[in-house]
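Note sheet for the following structure.
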Amino acid sequence: MTVVVLLLVLLPAFVGLLPWAAWWAMRRSRRDGVDFPDLAALRTAGRVDTVVLDRWGTVTTGELVVTDIDPVEEGNERNLKWFAAALQHAVEGDPVARAIARLAGPGKLTDVELVAGRGTSGAVDRHPVRVGAPAWLGMETRDGLGETVGVEVDHRPFGYLTVSDQVRPDAPLAVARLRAAGVEPILLSDADVLDTEHLAQACGIDKWIRGEEAAEREQAVRDQRGGAHCVAVVARGQDNAEILASADLAFSEAGRGVRMVDLDVQRVARALEVARGIPSASLRVRATGLVASGIGGSWGLVDGLSLVAAGAVLVVGCLAVVTVAWSAGRRA
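Its first residue numbered 153, the sequence shown is counted upward by one per residue in my numbering.
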């Protein structure tokens, strides 16, 4: 009888040792669009002090947008958009072409030809059209932010279109949240130096890494880990498998690691905040279990406990542990 009573009284302390806070945190993160595969990944997230953000889809929407429309002849802006967009509807898988194609609907296309590294040619409603590198079209090359392409219609220069990253409106706030949590954000970009630096400044990121090839970006991540940092990488699963595998923790919309509904850096900041709160929440849960068992044990030493009273201590103590864990999960 005494042994049974003792076991019932001590059980809340053992229940408090279970990873309740981590379970609630995983459940909360999953509702927020971040799915940790296991407790080990959640614990690693709590140690992350550096997060490498790929340019595509984290601090940007993942889509380029046309930011400047400059026809050769004034008043031709509408026709410039129409001819360029109609032809670019024939190009698949290119983010620049996709941005231009959104300017207008498709036209009647014939004789479409993709010229690698240069651009696209074809006929739009029987008008010969070429869209691509200005030098290829015999047009003046323009430097500056974004990628500028030339448009030729009926064998004559028609205008320029400039395409740039679309920065998420809340990206600077999310970057600030990362810093407040003690995490250094680093931008990883395959754009040129000028665009990379401009994007980093627009998001409030002080450090950036540029690499056009996957091997360069992978080595950059390994270099960060070599500095005794716990490094997380946030990047698309497609074409980034090696880069994601080189990190201590990988966030992506597909594949192994932490799965996200999208790569929004705001979700990353939230998930890391939750993970960093787990140790203190776990201590509160364990302390609750110990206190409940301690009160029951003291009561038993003073007045003795019946089996019913010990059962009551068990129920109340376990409920207190679960309640504290649930509350910690909600605040995380």
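Note that beta-carbon positions come from the ideal geometry of N, C-alpha and C, so glycine has one too.
Indicate the three-state DSSP secondary structure (helix, strand or coil) for Ser-404 in the structure shown.
strand
If you check the beta carbons only, do Thr-210 and Gln-318 fall under 7 Å apart?
no
Just to confirm, is the Cβ distance from Glu-394 to Glu-370 under 7 Å?
yes
Using 10 angstroms around the beta-carbon of His-241, count the other beta-carbons present and answer buried if the total reaches 16, otherwise exposed.
buried
I need the straight-line Cα distance from Thr-314 to Ala-249, nearest angstrom please.
11 Å
Take Met-291 as the anchor and find which of Thr-300, Arg-282 and Pro-309 has the nearest alpha-carbon.
Pro-309
Mind reading off the beta-carbon distance from Ala-165 to Leu-194? Whole number of angstroms is fine, and I expect it under 8 Å.
So it is not a contact: roughly 23 Å between Cβ atoms.
Neighbour-count burial assignment, Ala-253, 16 or more Cβ in a 10 Å radius:
buried
In whole angstroms, what is the alpha-carbon distance linking Asp-347 and Trp-360?
11 Å
In the structure shown, what three-state DSSP assignment does Met-178 receive?
helix
Going along the chain, which unbroken runs of the beta strand (DSSP E) with 3 or more residues stay wholly within the segment 263-302?
271-276 and 279-284
Limits of the alpha helix (DSSP H) - the one that Trp-234 falls within:
229-240
Classify Gln-376 as buried or exposed, calling it buried when 16 or more other Cβ atoms lie within 10 Å of its own Cβ.
buried
Neighbourhood of Pro-286 by C-beta, 8 Å cutoff - its chain only, sequence neighbours within 5 removed:
Glu-292, Thr-293, Arg-294, Thr-300, Val-301, Gly-302 and Tyr-312
Residues sharing a beta bridge with Lys-359, DSSP:
Ile-338
Please classify Pro-247: does DSSP put it in a helix, a strand, or coil?
helix
Just the Cα atoms here: how many angstroms apart are Ala-197 and Ala-366?
24 Å
Using DSSP bridges, identify the partner residues of Asp-220.
Thr-314
So, Val-203 versus Ala-328, is the Cβ gap smaller than 7 Å?
no
So, at 7 Å on beta carbons, what are the nonlocal neighbours of Arg-428 in its own chain, with the 5 sequence-adjacent residues on each side left out?
Gly-198 and Ala-333
Pick helix, strand or coil for Leu-170, following the three-state DSSP scheme.
coil
Inspect the beta-carbon positions of Gly-298 and Ser-316 and report whether they are closer than 7 Å.
yes
Coil, strand or helix - Thr-475 by DSSP
helix
On the three-state DSSP scale, how would you describe Arg-207?
coil
Could you round the C-beta distance between Ala-237 and Leu-255 to whole angstroms and report it? I think they count as a contact, below 8 Å.
4 Å
The beta strand (DSSP E) spanning Val-386 covers which residue range?
383-386
Sub-7 Å separation of Pro-223 and Glu-215 beta-carbons
no
Measure the CB-CB distance between Val-276 and Gly-259 and report whether it falls below 7 Å.
yes
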